[in-house]
Structures are given as C-alpha cells and as structure tokens.
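Chains as they are written, first to last, in the working numbering: chain A, 102 to 349; chain B, -17 to 204; chain C, -17 to 204; chain D, 544 to 765; chain E, 544 to 765.
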Ligand code: HEM
Ligand SMILES: Nc1ncnc2c1ncn2[C@@H]1O[C@H](COP(=O)(O)OP(=O)(O)OP(=O)(O)O)[C@@H](O)[C@H]1O
Ligand SMILES: Nc1ncnc2c1ncn2[C@@H]1O[C@H](COP(=O)(O)OP(=O)(O)OP(=O)(O)O)[C@@H](O)[C@H]1O
Ligand SMILES: [Mg+2]
Ligand SMILES: [Mg+2]
C-alpha cells in the first residue's frame, strides 16, 4: 500500500500534477503561519527578563537552525529512496534541497552570530555546536560541489545520494554537541521531552515559525523540483502534451 | 573469496613497497607536519603540551587525506578498476582489501610514531596511552570513509580538492571524539565514553563503507 | 613570446574555471583546515589568538601543497608536456605562466580570506595587517618553489607524498619569516626585517625557479 | 595450446533489445537489436565516434543504456551480474594493467579476479600463457617497461585464463605486429570453435576463417 | 587544401650516426645510421618492443641516446634545439591533448606553442583545419568527450599548423577509420611533395604513392 503510493509519487507526471495542486494551499498556509508567528513573536510575546528585546531573534535563529538539520535528514532519506528504488523524484528532491539547506544553515550561522554579540560579547566562539554547524555548511557545499563537478546529471544525483547518506553521522553530533560538551551555546530548551523550560507565550510563536519555515521549504523545493523535472523530461511524451495543452 | 581478498591486499602492498619512497612517506609527511607547528607557533612548552594531541590528530588526518587518492585513482586510469567491476568477485570485498592495505601503509605508521611525537611535545603518560588507543581505533575509520570520498570523485578528472571538501567534514567526528578522549585522560577523567564512540564508528565504517564505495565506483565508472 | 605566456596562463585558468568546483576549493580547503584546529585543540580564546598566525600560515602551506600536482601532472599524463618541451617557445617562460596561474587559483584566495579567518580567531588589527602582507609576499613563493618540486617528481608514477617531502622543508623559511613578522606586529615591534626577507625570497624564487623547473622537467620526461 | 581445449559448458545466447544511448542530448545510437548465438562473432563497425566503445561498455554492464537492455540467456544482465561476469572477458581501449607490477604479478591478479580455472601457483601454466602471448622472457619485467604492443598482448591474456564464453574486445589489434595479430586471430577462432561468442570492434580487417560473422555498422544506425 | 601550399624553405637533412640505446642492461638497438633527405620517408619497422618508440623520442630530443647523436643539417640537435623544434612536429603514442579544453582551445594552444603561421584568431583557418580532420561540428566539444579515433585526429592536426619540415609520427593510424587513414596518407604525401621529411612507425601498411620510402627494421638490428 505505502509502496504503491511511493511508486506512484515517483512517477513524474503524477508528481507534477499533484505538486501543482498542492502549491497554492501550501503557499496560503505558509503565509498565515508566518504572519501569526511574527505577530506573536514580535508583538505579543513579553520581553525576556535577562535579554530584553534582543531575544526576539530567536524566531529567526532557532527555526533556521532546526531546518538546517531537518533538510539534511530529508536529503538523506530521499538519497536512500533514490538508491534503493531508483526513484527519479527522490533524486530531484535531494539535489534541490541542498541549496535550500545551505541557505538555512547560513542563516542560522549569521543570526546566531548576531545574537552572540550581545549575549557572549563576541561574534564567534569556537565551541562544539557552532563549529559543527559550520561543518554542516561545508557538508552542504560539498554536496553542491560534487553535483556540479559531474557532467552527467543522473550520475551526479546518485553520487550525491551516496554522499548524503554517509554524511548523516554528523547530524546527531551537531544535535547532541551541547550535551556532550559543556559549551557556551544554549542547551535544549524547547526540544526537551519533559516540560519545556520556556514561557508558553514565547514558545507558541516559535513553534508557529518553525512550521512556517517548513512550509517555506516545501514550497521552494517543489518549485525547484518541478522546474528540474520538466527540464530532465523535456523530451518525454507527457511534457510535450503538457505544453501543447498549455499552448493551446 | 578469501583468495581474492588476499591477492588484492597483497597487490596493493606490493605496489606501495615497490616505490620504496612511498612507503616511508606518509610517516615522514606526518612527522614534518607535526614539526611545522613549533616552527609556526613558537616553542612555548605550556602551549605545545596543551595542543599536542590536537596537532597529532590533525596531522594524522591530513596525512590520510593526502594519500587517499592512491586507493582508486591509478586503478581507474589504467583500467584495472573496470576489470575489478566486471570480475567474478564481490566488489565490496575487494574494496575492503584496498581499505585495509591503505591503512597498513598510511595509518599504521601514524599509530606507531604518533605517541612518540606526543612525548616530545610534552604530553603526559596517561595522555599518550589514550592517544595511542584513539589512533588505533580512529585511523582505520579515516581510510574507510576516505574510500567513499575517492570513489565518488575518481571519475572527475581533477578531483583532488573536491575530495578534501567531501571528506574532511566526515572526518570531524573522529577528530572530536579522539581529542575529547585524550583531553579527558590528560586531565584524569574517565575516557570510556569517547573510546566507545570511536569503536562504534570503526565498526560502522568498516561494515558500511565498502558497500557505499562500491556503489559510488559503479557510478563513477559508467 | 608574450603570446605564448598569455595563452598558457589563459589555458591553465580556463582549465581551472571549467571545473567550477575546483576554483572554489583551494579556498574552502583552507577554511576547513583552519576550522579543524579549534575542534582538535579546544576553544580557549587566549590559546587560539596566540597560535592564529601559525595556523593560518600552516593551512596556506598545506593548501598550496595539496594543489601543486596540478601544475604539471595532468600535462605529463596526456603528453602535453612533451609537446611543450619540443615546442618553439622557451620552456621557462611557459613554466612562469603556469606558476602564476597556480598562484591566482590557489594563493590569491588565501591572501583574501586568511585575514578574515584571523579576525575570527581573535588576532589583533596590527597582526592582521601584517599577516595580509606576509601572505601576499609569501604565497607566490610557495607556488614557485612547488613547481620545482612537482617537476622533479612528476616522472614518478605516484609522487604525491614524495613531493611533500621535497617541498615542505623548502617552505620552512617562508613560514618562519612570516610568523616572525606577524608575531612582531602583534607585539608592537617593527616588522621591516622579516618582510624584507620575504620580498627577497619572492624575487629570488620567481626569477630562478622557472629555470630549475624546466631543467627538472627535461630530466623527468626523458 | 588451443587444440586440446574442451567445449564451453555454459555458453548462452547474448541478445540486445532496443538499445539506445544518448550523449550530450543527441542519440548516439538507437534501436540496436541483435541476437548472438554460441559460435558466432559480431563485428561492430562504424566511423570514429560512432559509438562502438560505448556499446561495448553497455554490453559489459559498465554503462547503463538509456533505453533497452542486454540479455544473457534471456535474463537481463543486471539481474545476474555475478553469473554474467563469470562468463565475460573484456579487453578495452585501456589495458587494465598495473604498470608497477611485473608481468607475472599482473597475470596472477587477473587469474584470481576472473576465478581462473588454473591454479595461481601453477608455474607451468603461467609459462605456457606467457609463451603464447610472446612475453616468455619478460615474466619479471615491470609492465611499465613494456612497449605499447607488449602491453596489449598482456591485456589480451586475460581472455585465456578462464572458461569465459563471451569475449568483448575493443580494437584488440592496435599496436600489435604481424605475429601478434595472427596469434589473436587464431585465439578467437579456437574460442569460437569451442562454442564461444565474441563481440569485436576493429578498424583493421579481422581474418577469421570458417566462422559465422555478423556485421553491425553503427554509422548506419545513428 | 594540400594542393595550394608552397614548398618548405627550411627543409634540411636529418642524419643519425651510430645511435645506440640501452634499457635494463641490454642494448635495445645499436649502430643505427641513416641519412634522410628532404622528400624522403623513413618507415621504422620492427616487432612489438623492438624500440621504435624509443628511437623516435631520441629523434625528437626528448630522450638522450646512450651512444651516437642526431644531426639536423649536420649540426647536433642538442646544439640548436630552438631551430630544430621550430622544424619539428611530433605525434606520439599519447595524444598531448587536454581533455578539459574544447577542440578549438586545444588547437589554439598548439598553434601558439608551434609558432603557427596562421593567426590564432583566424576562424576561417581553424574551420578549414577542423573540416579536414573530420571534426567540423565538434569545435566546442570537450576533448574528454571525443572517441579514441577523434582524439587521434585532433593530435594529428598539430602537423598542419606550421611549416615544420620534419614530421615524426608514432603509429599515426591507430584507432582511425578508413576515411581517417586515407586523409593522413594524403597529408603525408602532400608534406613530402612540399619537400618535407617524415619518420613514421606503423604496424599497418602505409599507402603513400610516388615517394621514396626507406625502411629500417629494428628487430634486425637488436
Ligand atoms: C553562530 C552562532 C550560533 C550557531 C551556529 C547556532 C546553532 C544552533 C543550532 C544548530 C541549533 C539547533 C540545535 C538542534 O536542534 O539540535 C540552535 C538552537 C538554538 N540556539 Fe543557537 N546557534 C548560535 C548562536 C546562538 C545564540 C547566541 C543563542 C542565544 C543565547 C542561541 C540560542 C539557541 C536556542 C535557544 C536554540 C534552541 C535550542 C533547542 O531547544 O533545541 N544560539 N542553534
Ligand atoms: N625504462 C625502461 N626500462 C627497461 N626496459 C624498457 C624501458 N623502457 C622500454 N623498455 C623496453 O624497451 C623495449 C622497446 O620499447 P619501445 O616502446 O621503444 O618499443 P616499440 O618498438 O615502440 O614497440 P611497440 O610496437 O609495441 O610500440 C621494450 O621491450 C621494453 O620492454
Ligand atoms: N560523456 C560524453 N559526453 C558527450 N559526448 C560523448 C561522451 N562520451 C562520448 N561521447 C561522444 O560519443 C561518441 C562515441 O564515442 P565512442 O568512444 O563510443 O566512439 P567509437 O565508436 O568507439 O570511436 P573510435 O572508433 O574512435 O574508438 C563520440 O562522438 C563522442 O564525442
Ligand atoms: Mg572506441
Ligand atoms: Mg611503440
């Protein structure tokens, strides 16, 4: 049942049609989430008793940091699908996620360092989390570099899938770095299993923002994937009929 | 099967020995890099002692990195790799043999010489002991992970630096756990946890990377 | 003559640009190596600041070293080098063009990014300024000396590590003068002497190494 | 030597259905169909760049075709790569010889990889094979020191090591002198008489008697 | 194209006296003497491994002979390497083509290196040359994507770029199809008619009409 769905999703025309129908919904939801999250975070949430208003950068930083890990997990997962079942869509999702993941990682680094200036007094410290996040950026760049270095794009996609899978070891290291090493960076405040140690009025906008980021990612990746798909399948029957329909 | 494993191991070792210079070199390179540090940084004993394990591990990492290419590149260029791929032997087994040969040539010397250099840099006895174990467990991981990196880039005509970009981030966990263990030992804390992590990495990488490398090679050659 | 110089320069740059990844990579490699240090050594700000210039120079050295091979190896393998040797143009001129192309690809990015990284490692403003000048004067020397090393080893079938052995000791003077200059600047002392030495090294190496490399190549090819 | 050999027991038919390969947005060839029975030779013809090498690599399973598939005994070769590789010997444009191994060492590796029917330690057989390919007093010469034609002969020796029923040969006659060419023609003839199959490209005429030879011209299909 | 070209102005005689080369403590050949006048072809023959390639490299000045010397117009080539190289075009076993440059870029580099009589920027001439060697619609293809024969054609194009009176060709016909062979034969014929000299090895018969062709068999001299 699930397998059948996966295979169906893997068929380019089906994917193209489905994603076309999904996109407007996703965009709407994403917009609402962003609006609510930003309003809640920047207006409703109280100022922090220690950090004052500068804590509000959390609404950019933390979701971006989460996304940097999340996107990588998606890539590894699609990599596995691409290798095991040779699903073309998975390849396309994988490679089109890399740029987005790199941007999120970069955002987390920049906002983190902007936040670090008032908090720690410097832009940058070489602690385990920060450094390993930087390495995640390199991992993304490595994936992009490898993909662009191989001329045959189908080959390149497979190569990148293997690399993404091997690179997965770094994810738990980044995630647990704050626990394994005593570092300057914030310990888990939100993602603890018991009661989160954060005011709910701060928490809810944060979660809203986290979802808004996820939708944003979904939208961008689908747009890029559709483009890529059309290009790759430009000589197939379904693309031809699609365009003749649109042209007519 | 065993015969195939052994003959590839033997073949790669012969190839290294035949260039006698090659055999000495990963070690000499390692020593040279370690020696550069006092030169570039200055010879303050307290600082050197403090950074000794880090330096040694970084040198080990770079010396592995520099010699990775030999795992597959020449085989690719002269067509031997094609012949292995269409041979009647499982490719991942042949790759495992090549990984182990690479470790014997580049990793083993570092395991043996590293502790000695640490002694000169002033590391404490406990630190040196732990350093030795971390090197023993960690260097094979470098060869194993590296094999995947080379397999991915060997089809590119000049993949030298792309390779470093791919492989170095993957080497970082080894570096982190190893230096954590040595630091803990030097400070008198227990080292079981990072050593356990290193062992896990070793098992994981030796059992999984040959498959990954084999898949990557099939892709690179086609 | 000038045309020959320019076309070889252009050729090598095109070859680098064509692998777009290649162009970015010496820089990324450089950054990666610098990043390894805090990971391997720990993040104590005082120590990092103290060893920052050393780290950056050692990384520059290694990144030059790793990419040296590209100066001649591929040309050797596909027979282009033979054609250059029997061409109607002076070989040392062609080699000078190749050295400069190599510097533009690997040295220049380091000159530009190095000071930035030093900032992150906490080096003082005077230190950074001097670091920039030492990099500007020193990195071309690395390419020039490296070309002789590659010319000597390119005939060996797998010379990767032999090369490092030959070249690293020759790099040491550059490393020493440069770190001396930066240390002096950071401590507020005058830096004229080591900077003058670096300039002398630069002139000397750019005027002599093309001849040496050309002689070495003729030997390697025969 | 060839006279005494028994017929192949596992010779099957090699068929190809609707094969097509695309390079740089252009079909190199399309709709290739053939059905090769035991005791038959397929001679691939075509201008330079018509796709012969590409087709041979597809037949070996080294490259995946963009459309269509290759079948051994009516089963796709991708589904039985082990059994298929056991039946396959491939001599490509590049020789697959390690230049730093001696002639005998190269042969030994090839024997293990192809699960040769002969013992690796059997000096008698090795001597016979070397004599056949005209390298009798070169056993312990490094392959690096062989001339172009001698290397080609060594590469061809791979076909004589095990009972592979399918030979795929890409320009087997290049660089060979008259004696060498005659030897290879005889070897192919004996192979066919034992019930084998062969797919061959050659711009030089191939002189094989009493054998059903199909011709396929790739320039025509483009 | 060949018809309209003027006679060479600097064609001289190429002579060789008492040439001998030793490899691995064995004379490869000894006492080679010949005297090649303008309008003559020397066809080197000999079994695989008889030393043809070695002799050609000596003629180019790439390898130094153990005894004897090579003279261009009765002056040792080592004493006039610039003038000699201006008169020389060499096509060796390896093509001397950069795989990462396009066909046109490769040609341009070759033109400058050989001080071509044509302007690098002259599209007309480049087009003519490409058409002649049968690569007319491949200008902007990377050489990496050429087939074996197409690369060989591109390598041969070097002979057509300047007015070099001496062509040294090592197996120019390998990998070429019938049209390619015919073209090269015509080119050699035109070259000779203009007053040029050629030294050629080829295991395939060379079909050049109305030309004085001396044969030298190296197997006989060994
Ligand atoms: C360049 C500097 C920084 C980087 C690279 C960085 C990176 C990260 C990363 C990767 C995460 C996600 C961790 C995970 O989900 O496992 C994260 C979460 C977080 N960061 Fe940062 N960070 C930086 C600076 C800061 C600063 C200055 C603060 C505030 C003092 C901060 C506060 C937080 C908080 C509160 C979380 C959420 C923790 C949780 O509950 O999971 N970060 N950061
Ligand atoms: N560096 C070396 N050391 C020892 N022997 C060598 C060396 N180089 C070449 N030889 C030997 O010299 C001989 C001549 O080689 P060469 O390449 O000149 O032959 P060739 O006539 O061109 O043959 P082919 O027709 O196969 O191209 C070979 O037998 C080879 O084994
Ligand atoms: N990766 C690639 N990208 C684009 N074109 C390619 C690629 N590989 C090969 N080609 C093109 O495919 C064609 C076929 O090449 P192939 O090597 O199969 O020819 P061939 O028939 O073996 O020729 P030859 O007789 O010269 O050996 C050539 O025209 C070449 O330019
Ligand atoms: Mg071919
Ligand atoms: Mg030869």
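Even for Gly, the Cβ is constructed at its ideal location relative to N, Cα and C.
Bridge-paired residues (DSSP) for residue 760 of chain D
D:588
Note down, in chain order, each residue of its chain lying with its Cβ closer than 7 Å to the Cβ of residue 335 of chain A, except the 5 sequence neighbours on either side.
none
Using a beta-carbon distance cut-off of less than 7 Å, what residues from the segment 172 to 201 of chain C approach chain E?
none
Contained beta strand (DSSP E) runs [length at least 3] in the segment 581 to 650 of chain E, N- to C-terminal order
583 to 588, 610 to 615, 631 to 634
Is it buried or exposed, residue 179 of chain B, if we count other Cβ atoms within 10 angstroms and call 16 or more buried?
buried
Please name the residue or residues paired with residue 743 of chain D in a DSSP beta bridge.
D:586, D:712
Any beta-carbon of chain B closer than 8 Å to the one on residue -7 of chain C?
no
Assuming residue 24 of chain C contacts residue 39 of chain B (C-beta within less than 8 Å), just tell me the rounded distance between them.
Contact doesn't hold; Cβ gap of about 12 Å is too wide.
Consider the C-beta atom of residue 688 of chain E and the heavy atoms of ligand 4; say whether any pair is separated by less than 7 Å.
no
Measuring alpha carbon to alpha carbon, tell me which residue in C:32, C:20, C:98, C:123 is nearest residue 191 of chain C.
C:123
Whole-angstrom distance between residue 149 of chain B and residue 137 of chain B, CA atom to CA atom
16 Å
Tell me whether residue 567 of chain E counts as near ligand 2, meaning its Cβ is closer than 7 Å to at least one heavy atom of that ligand.
yes
When you compare the segment 112 to 128 of chain C with the segment 85 to 103 of chain C, are there three or more beta-carbon pairs, one atom per stretch, that lie closer than 8 Å?
yes
When the distance is taken between beta carbons, is residue 644 of chain D closer than 8 Å to residue -7 of chain B?
yes
Under 8 Å between C-beta atoms, does residue 655 of chain E make it to chain C?
yes
Kindly indicate which three-state DSSP category residue 563 of chain E falls into: helix, strand or coil?
strand
Name the DSSP bridge partner or partners of residue 558 of chain D?
D:578, D:614
Closest residue to residue 554 of chain D among D:616, D:621, D:577 (Cα-Cα distance):
D:616
Answer with buried or exposed for residue 79 of chain B, where buried requires no fewer than 16 other C-beta atoms within 10 angstroms of its C-beta.
buried
What is the rounded straight-line gap between the Cα of residue 225 of chain A and the Cα of residue 102 of chain C?
7 Å
Out of B:99, B:119, B:134, point me to the one whose CA is closest to residue 157 of chain B's CA.
B:119
Between which two residues does the alpha helix (DSSP H) containing residue 131 of chain A stretch?
113 to 140
Selection from B:51, B:-14, B:201 that minimises the alpha carbon distance to residue 255 of chain A
B:201
Can you name the residues of chain C whose CB is closer than 7 Å to the CB of residue 225 of chain A?
102
For residue 787 of chain D, return the contacting residues in chain E, with the cut-off set at a CB-CB distance below 7 Å.
Lying outside 544 to 765, the shown extent of chain D, residue 787 of chain D is not represented and no answer is given.
Cβ of residue 76 of chain B less than 8 Å from any chain A Cβ?
no
Of all Cβ atoms in chain C, is any one closer than 8 Å to the Cβ of residue 19 of chain B?
yes
Partner residues on chain E for residue -14 of chain C, Cβ-Cβ distance less than 8 Å
655, 656
If you pair each beta-carbon of the segment 597 to 608 of chain D with each one of the segment 720 to 739 of chain E, do three or more pairs fall below 8 Å?
no
Alpha-carbon to alpha-carbon, residue 154 of chain C and residue 42 of chain C:
12 Å
Taking residue 629 of chain D as the query, report the chain B residues whose CB atoms sit under 7 Å from its CB, ordered along the chain.
70
Is residue 680 of chain D close to ligand 2? I mean its beta-carbon at under 7 Å from any heavy atom of the ligand.
no
If we call anything under 8 Å between Cβ atoms a contact, is residue 742 of chain E one with residue 571 of chain E?
no
Which listed residue (E:578, E:685, E:614) has its alpha carbon closest to that of residue 648 of chain E:
E:685
Put residue 569 of chain E into one of helix, strand or coil per three-state DSSP.
strand
Within 8 Å of any Cβ in chain A, is that where the Cβ of residue -11 of chain B sits?
no
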